[in-house]
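Here's the structure, in structure tokens; my notes come after.
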Amino acid sequence: IHRPRMFPYDTLPIYTFRAELKKEMEKDRLNKGNNFSDITWTNIGPSGVIYDAPAPQWGELSGRIRGIAVHPTDPNTVYIATASGGIWKTTNGGQSWSDIASELPSLTYGAIAIDPNNPNIIYAGGGEILFGVTAPYYYEGAGLYKSVDGGTTWNQITNGFGSVTHFGDVEVSPHNSNLVFAALGSGNLFNNNLPNEGIWRSTD
9 IHRPRMFPYD
19 TLPIYTFRAE
29 LKKEMEKDRL
39 NKGNNFSDIT
49 WTNIGPSGVI
59 YDAPAPQWGE
69 LSGRIRGIAV
79 HPTDPNTVYI
89 ATASGGIWKT
99 TNGGQSWSDI
109 ASELPSLTYG
119 AIAIDPNNPN
129 IIYAGGGEIL
139 FGVTAPYYYE
149 GAGLYKSVDG
159 GTTWNQITNG
169 FGSVTHFGDV
179 EVSPHNSNLV
189 FAALGSGNLF
199 NNNLPNEGIW
209 RSTD
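Take the sequence shown: its position 179, counted from the start at 1, is 187 in the working numbering, and no numbers get skipped.
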């Protein structure tokens, strides 16, 4: 992760380096007129909670947002997948949010995706993946969830995955809605001992 991937060699040819550097410098030159220094950020929710144990000094936290999916044609519609907080949806650009997964058996989600060919179809991967750090707050999920009505109702999918899952990503092919890809890992209680760790593909 901390080194560039240069397969099949372990060094980058100098002519390749110079060509890439030239391209980046040209992009930088073309962007000189765009001043991004005055951009400000505003908290648009959902609201945080006061974290009083075991680290009260952390104060108000929003929780871990593990995935964000923006509607392909309506930027005001956004879905977020959270750790221990469920799935949330906004249709007004973040001014207000709705909990759309309170009835599901899992509160923790590690990934969320919108089918770019049919934005009413949403996939949410249950459980959050552990990225190399042993800690007691990486929670498992219970499969993949699919909605065909914009998050109003959901169907739980455990076929192939099993009932304990930790999702790192879910993607739908922009060329074929039947092609869905998922990346699964492990979590604290099941670190490196789940048979479903790896890359998955569905063709249906």
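Every residue gets a Cβ at the ideal spot worked out from N, C-alpha and C, and that includes glycine.
**Request:** Assess, as a yes-or-no matter, whether the stretch 124-134 is touched by the stretch 154-165 under the definition of 3 or more beta carbon pairs within less than 8 angstroms.
**Result:** Contact between the stretch 154-165 and the stretch 124-134 is present, because at least three Cβ pairs lie under 8 angstroms.
**Prompt:** What's the C-alpha gap between residue 150 and residue 103?
**Reply:** Approximately 30 angstroms, taken between the alpha carbons.
**Item:** 7 angstroms Cβ cutoff met for residue 120 and residue 193
**Value:** Their beta carbons are not under 7 angstroms apart, which means residue 120 does not touch residue 193 by this criterion.
**Distance CB(residue 116)-CB(residue 147) smaller than 7 angstroms** = Result yes, Cβ atoms of residue 116 and residue 147 sit closer than 7 angstroms.
**Asked** Where residue 77 and residue 162 are concerned, what is the direct C-alpha to C-alpha distance, given to the nearest angstrom?
**Response** The straight-line gap from Cα to Cα measures roughly 16 angstroms.
**Span of the beta strand (DSSP E) around residue 208** = Annotation: the continuous beta strand (DSSP E) that includes residue 208 extends over 206-210.
**Message:** With distance defined between alpha-carbon atoms, name the residue in 91, 95, 67 and 113 nearest to residue 105.
**Reply:** Per the C-alpha coordinates, the member of 91, 95, 67 and 113 positioned closest to residue 105 is 95.
**Asked** Can you tell which of 108, 135, 57 and 212 has its C-alpha closest to the C-alpha of residue 159?
**Response** Per the Cα distances, 108.
**Request:** On a CA-only basis, which of 110, 79 and 80 is nearest residue 90? Give me that one, please.
**Result:** It is 110 whose Cα lies nearest to the Cα of residue 90.
**Message:** Distance check for residue 26 and residue 166, CA to CA, integer angstroms please.
**Reply:** Spanning the two alpha carbons is a distance of roughly 49 angstroms.
**Request:** Under 6 angstroms Cβ to Cβ from residue 209, same chain only, skipping five residues before and after it: list those, please.
**Result:** Scanning its chain for C-beta atoms nearer than 6 angstroms, with the 5 sequence neighbours on each side dropped, one finds around residue 209 the residues 189, in chain order.
**Prompt:** Can you tell me whether DSSP reads residue 29 as helix, strand or coil?
**Reply:** Shown here, residue 29 sits in a helix according to DSSP, grouped into three states.
**Request:** Would you please state the rounded distance, in angstroms, between the beta carbons of residue 101 and residue 84? I believe it to be under 8 angstroms.
**Result:** Indeed, because the Cβ distance is near 4 angstroms, the residues count as touching under 8 angstroms.
**Request:** With DSSP as the reference, label residue 164 as helix, strand or coil.
**Result:** Residue 164 carries a strand assignment under DSSP once its states are collapsed to helix, strand and coil.
**Item:** 6 angstroms Cβ shell around residue 79 - same chain, five flanking residues per side excluded
**Value:** Within the same chain, residue 79 has close Cβ partners 85 and 127.
**Request:** Ignoring anything shorter than 3 residues or poking outside the stretch 98-154, list the beta strand (DSSP E) runs there in chain order.
**Result:** Unbroken beta strand (DSSP E) stretches of 3 residues or longer found wholly inside the stretch 98-154: 117-122 and 130-135, given in chain order.
**Asked** Can you tell me whether DSSP reads residue 36 as helix, strand or coil?
**Response** Residue 36: helix per DSSP, three-state reduction.
**Prompt:** Is DSSP giving residue 96 helix, strand or coil here?
**Reply:** In the structure shown, residue 96 adopts extended strand secondary structure according to DSSP, grouped into three states.
**Close-in-space but distant-in-sequence residues of the same chain around residue 205 (CB under 7 angstroms, 5 per side omitted)** = Result list for residue 205: 192, 193 and 194, in chain order.
**Prompt:** Relative to the C-alpha of residue 176, which residue among 67, 65, 33 and 75 is closest?
**Reply:** Measuring C-alpha to C-alpha distances from residue 176 to each of 67, 65, 33 and 75 identifies 75 as the nearest.
**Request:** Please determine, among 97, 68 and 48, the residue with the shortest C-alpha to C-alpha distance to residue 82.
**Result:** With respect to the C-alpha of residue 82, the residue from 97, 68 and 48 having the closest C-alpha is 97.
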